[in-house]
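Participant: Going left to right, the sequence shown walks through residues 83 to 233 as this note's numbering numbers them. Note that CB positions come from ideal geometry on N, CA and C, so glycine has one too. Keep in mind that this is a model prediction, so the values were computed, not measured. Structure incoming, see below.
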Amino acid sequence: MRHMSRRPMLLLMAGLAAAPALAAEGPKGHRVVFQVDTADPATMSLTLNNATNVVDFYRAKHEEVEIDIVAFGPGLAMYRADTSTVADRIAHFADYGFPSKIQFSACNNTKTAMEQAEGHPITLLPQANLVPSGVVQIMDRQEQGWSYVRP
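Below, the structure written as structure tokens:
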């Protein structure tokens, strides 16, 4: 009888010993998504300042970071080639962040609505990555465990 009671205990102990190893195999590095939903240049500058601080902090610790700055609604103006007041800063930050992964997500729903309202195609900055929906992009990132910041 004694032998029978040891086996479940050994299996339980083996399972507990493996748990930390399984947890350690989760996502590596740090990930943050920033929301930009205003055409205010000061808000976008604050966002870029915050993102720069994140890169600097983790770079000093030799840790990786992924950043996604998602623009939708009026915030898409920050990614438009004809209206962005921060195009130079975006280009600089895209290069500065390396080797960290930096993405500038632009909402296609907003772009399509702006094009219909204005009656012409809109050109985005070369750093902008068109995503189907800015809000869904933020939701997906949060569901994947990304931290969320709205300056």
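1. Along the chain, where does the alpha helix (DSSP H) containing R113 start, and where does it finish?
2. Which runs of the alpha helix (DSSP H), 4 residues or longer, sit entirely within the stretch 146 to 187?
3. In three-state DSSP terms, what is L207?
4. Run through DSSP, which three-state label would S215 get?
5. Considering P123, what are the terminal residues of the alpha helix (DSSP H) in which it resides?
6. Let me check understanding here. Comparing Cα to Cα, which of S187, V217, E200, Y230 lies closest to Y161?
7. For F116, which residues from the same chain have a beta carbon less than 6 Å from its beta carbon, with the 5 sequence-adjacent residues on both sides left out?
8. Rounded to whole angstroms, how far is the Cβ of I149 from the Cβ of V136, which I believe are closer than 8 Å?
9. Hey, quick one: how far does the alpha helix (DSSP H) through Q226 stretch, first residue to last?
Facilitator: According to the data block:
1. Counting along the chain, R113 sits inside no alpha helix (DSSP H); it lies in the beta strand (DSSP E) bounded by residues 112 to 118.
2. 169 to 178
3. coil
4. coil
5. Boundaries of the alpha helix (DSSP H) around P123: 123 to 142.
6. S187
7. T129, I151, V231
8. 6 Å
9. Unbroken run through Q226: none, as it is neither H nor E.
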